[in-house]
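As numbered in numbering that gives the first Met the number 0, residues 0 to 396 make up the sequence shown, in order. First the structure, in the form of C-alpha cells, and then the observations on it.
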Amino acid sequence: MVKKDRSDIVNKTYLMKMIPLFYQKHLKSQLSLAEYLFLQILVNILQSIKNVNLERLANGIPLPIKFESRRKRIQRFLSLPNLTIEKIWFPIIKEWLSIYFTKGKIIYVAIDRTNWSRINLFMVSVIWDKRAFPIYFKLLPKLGSSNIDEQQKLLSQVMPLFHNYKICVLGDREFCSVKLAKYLQSLGVYFCLRLKKNEFVEVEKDIFQELNSLGLEPGVSFFIQGVKVTKTRGFMSFNVACKWKRKINGVAPKEGWFILTNFEALELAISAYKQRFDIEEMFRDFKKGGYNLEDTNVTGERFISLVLLIAIAYSSATIHGQQIKRKGIQKYIARIKEYGRTERRHSSFYIGLYGQTWINFKDICMNLVMELMRLHRNKRKYYQQGLRAMRLIESVL
Numbered sequence: 000m001v002k003k004d005r006s007d008i009v010n011k012t013y014l015m016k017m018i019p020l021f022y023q024k025h026l027k028s029q030l031s032l033a034e035y036l037f038l039q040i041l042v043n044i045l046q047s048i049k050n051v052n053l054e055r056l057a058n059g060i061p062l063p064i065k066f067e068s069r070r071k072r073i074q075r076f077l078s079l080p081n082l083t084i085e086k087i088w089f090p091i092i093k094e095w096l097s098i099y100f101t102k103g104k105i106i107y108v109a110i111d112r113t114n115w116s117r118i119n120l121f122m123v124s125v126i127w128d129k130r131a132f133p134i135y136f137k138l139l140p141k142l143g144s145s146n147i148d149e150q151q152k153l154l155s156q157v158m159p160l161f162h163n164y165k166i167c168v169l170g171d172r173e174f175c176s177v178k179l180a181k182y183l184q185s186l187g188v189y190f191c192l193r194l195k196k197n198e199f200v201e202v203e204k205d206i207f208q209e210l211n212s213l214g215l216e217p218g219v220s221f222f223i224q225g226v227k228v229t230k231t232r233g234f235m236s237f238n239v240a241c242k243w244k245r246k247i248n249g250v251a252p253k254e255g256w257f258i259l260t261n262f263e264a265l266e267l268a269i270s271a272y273k274q275r276f277d278i279e280e281m282f283r284d285f286k287k288g289g290y291n292l293e294d295t296n297v298t299g300e301r302f303i304s305l306v307l308l309i310a311i312a313y314s315s316a317t318i319h320g321q322q323i324k325r326k327g328i329q330k331y332i333a334r335i336k337e338y339g340r341t342e343r344r345h346s347s348f349y350i351g352l353y354g355q356t357w358i359n360f361k362d363i364c365m366n367l368v369m370e371l372m373r374l375h376r377n378k379r380k381y382y383q384q385g386l387r388a389m390r391l392i393e394s395v396l
C-alpha cells in the first residue's frame, strides 16, 4: 500500500492561495491538517458568499454530509481551544508589521467600539491603505461605552506588538479621558483623542473655560500648548489642537474638533486624527458593506473566533487587492477613479474580494464564455487582454 503525502494534498489540491503565504506558514504550525483545510474552505466560502450567518456558511460548504452535520462542524471549529487571537493572530500581525512598516515610521492605531443587539465589540486596529487592519477585538461584558480600566486593559494586550515601532493612538470622544492620555504618555506613545466640546481647559492659573467658548468656528483653527484639561487637580499638561473645517458650497460640518494630543504642531495632530475615520470604513466592510457580521447568530468565544476568521479573510483580500493594483489590472474588476473625484472609488479590499469572485465565476462558466467569445471574433483582441488579466489575478490569488 502506497502511503500518501498529506502535505502534498494541502499544497496542491486545497490550497486556493487566497490566504497570503506568511499566513499559511503560521496557520499550519498551529492547526492540525484537518483544521487547516477546514479554515481554508471557510475563508473561501466567506469570500464568495460574503455572509457569516452560520446557516449560510453551512449551505456553502461543499462537504458531502448532511446540512446539520455541516453546521455543527462549523460550531466545533469555532470552539477550538487554539483558535485564539494570541495563538493564531498575534504572530501573523508581528510578521505583517515587519513586512509593511519601518521602525522609523509612525503607525496609527485606532481604538473604537461598535454595538448592535446584545453585541458590544471593542476593536483595536492599525490604519493601513485607507482602511483599518484589525489586530485585537474583545466582547465587552456589558452594553454602552467602555471605561478607562477596560481601555487600559485592552490596550495593554497589543502594546507588546509595537515594542520596536513608533505609534500614535487615535480615539473618538468615548476615549477622551485625561487618564487614558496620561497612561499613553507613560508608555511613550503619541496620541490624538477627541475631546467633548463641553470639556474645560485652564486658560489662566485656576481659571477654566469650556472649549466650546474659545471662539472656534468654521474655517478657524488654533493650537493650545501646555494646558491642563478638566478641573480635576493633579493631571499633567497636554496640547489641544482645534480645527473647524471651512464652508464648502455654503455648508460646513456641524461642529469642530478639539483634539487632546502630545504632538507639538496643529498640522501633525489634525493629519493624524483624520486617519481615525478609516476604522469606520473597516466596520462598514465587516457589516453590511462586506461580510454582514450583524447577521451572525453565534455568541461568546465563538463570536470572537468568527471575527478572527473575518480578520484573516479581510486582510487577505486587502493584500491581494494591492497586488492586483500593482499589476495595473484593477479596471477589470471595478470602476477606477473618475475625473473630478478626489477619492478612489474602491478600496484594495474591494479589488481583492471581487477579483476572486470574478475568477470563480470564470471557472463556473468557462465553456459558455468561450462559446460567446467565438461569436464575437471582432472583439478577440480585447478578450485576449481580459484573459491575460485573469491569469495575472490568478497568479496573486
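Glycine residues also receive a C-beta, built at the ideal position from the N, C-alpha and C atoms.
Mind checking whether Thr130 and Glu280 have CB atoms under 7 Å apart? Counting from 1 along the sequence shown, the entry for residue 130 is found at position 131. Counting from 1 along the sequence shown, the entry for residue 280 is found at position 281. The residue you asked about is not Thr; residue 130 is Arg in the sequence shown. It is a contact, given that the beta carbons lie within the stated cut-off.
Identify whether Ala398 lies in helix, strand or coil by the three-state DSSP scheme. Here the chain covers residues 0 to 396 and nothing more, so residue 398 does not appear.
How many whole angstroms separate the CB atoms of Ser145 and Glu173, which I take to be in contact at a CB cut-off of 8 Å? The count along the sequence shown starts at 1 and reaches residue 145 at position 146. The count along the sequence shown starts at 1 and reaches residue 173 at position 174. Yes, Ser145 and Glu173 are in contact; Cβ-Cβ is about 7 Å, under 8 Å.
Determine the DSSP secondary structure at Tyr189, reduced to helix, strand or coil. Numbered from 1 along the sequence shown, position 190 holds the residue referred to as residue 189. Three-state result, Tyr189: strand.
Ile335 versus Glu266 - alpha carbon distance: For the purposes of this step, residue 335 is taken as residue 336 along the sequence shown, with counting starting at 1. For the purposes of this step, residue 266 is taken as residue 267 along the sequence shown, with counting starting at 1. Cα-Cα distance, rounded: 30 Å.
Of all the options Phe222, Phe282 and Phe121, which has the alpha carbon lying nearest to the alpha carbon of Gln156? Residue 156 sits at position 157 when you count from the first residue of the sequence shown. Checking every option, the nearest Cα to that of Gln156 belongs to Phe121.
Out of curiosity, what's the CA-to-CA distance linking Ser68 and Asn248? Translated into positions along the sequence shown, residue 68 becomes position 69. Translated into positions along the sequence shown, residue 248 becomes position 249. Looking at the two C-alpha atoms, the distance is approximately 59 Å.
Enclosing beta strand (DSSP E) for Asn238 [first to last residue]: Looking up residue 238 in the sequence shown gives position 239. Counting along the chain, the beta strand (DSSP E) containing Asn238 begins and ends at Phe237 to Lys242.
Member of Lys49, Glu85, Leu36 and Thr83 whose CA lies at the smallest distance from the CA of Leu62: On the sequence shown, position 63 is the one that residue 62 refers to. With distances taken between Cα atoms, Leu62 lies closest to Leu36.
How many angstroms separate the CA atom of Ile206 from the CA atom of Gln224? On the sequence shown, position 207 is the one that residue 206 refers to. On the sequence shown, position 225 is the one that residue 224 refers to. Their backbone Cα atoms lie some 16 Å apart in a straight line.
By alpha-carbon positions, which one of Val228, Lys204, Lys227 and Lys244 ends up nearest to Phe221? Here residue 221 corresponds to residue number 222 of the sequence shown, with the count starting at 1. Of the candidates Val228, Lys204, Lys227 and Lys244, the one whose C-alpha sits nearest the C-alpha of Phe221 is Lys244.
Apart from the five residues on each side of it in sequence, which residues of its chain come closer than 6 Å, Cβ to Cβ, to Asp111? Taking the first residue of the sequence shown as position 1, residue 111 is located at position 112. Excluding sequence neighbours, Asp111 sits near Met122 and Ile278.
Do you know how far the Cα of Lys137 is from the Cα of Glu201? For this step, residue 201 is matched to residue 202 along the sequence shown. For this step, residue 137 is matched to residue 138 along the sequence shown. Cα to Cα, Glu201 sits roughly 36 Å from Lys137.
In this structure, how does DSSP classify Met122 when only helix, strand and coil are distinguished? Your numbering for residue 122 matches position 123 in the sequence shown. Looking at Met122 - three-state DSSP - the assignment turns out to be strand.
Out of Tyr331, Ile269, Ser116 and Ala240, point me to the one whose CA is closest to Gly354's CA. Numbered from its first residue, the sequence shown carries residue 354 at position 355. The shortest Cα separation from Gly354 among Tyr331, Ile269, Ser116 and Ala240 belongs to Tyr331.
Quick one: give me the first and last residue of the beta strand (DSSP E) that Gly170 is part of. For the purposes of this step, residue 170 is taken as the residue at position 171 of the sequence shown. Per DSSP, Gly170 belongs to the beta strand (DSSP E) from Lys165 to Gly170.
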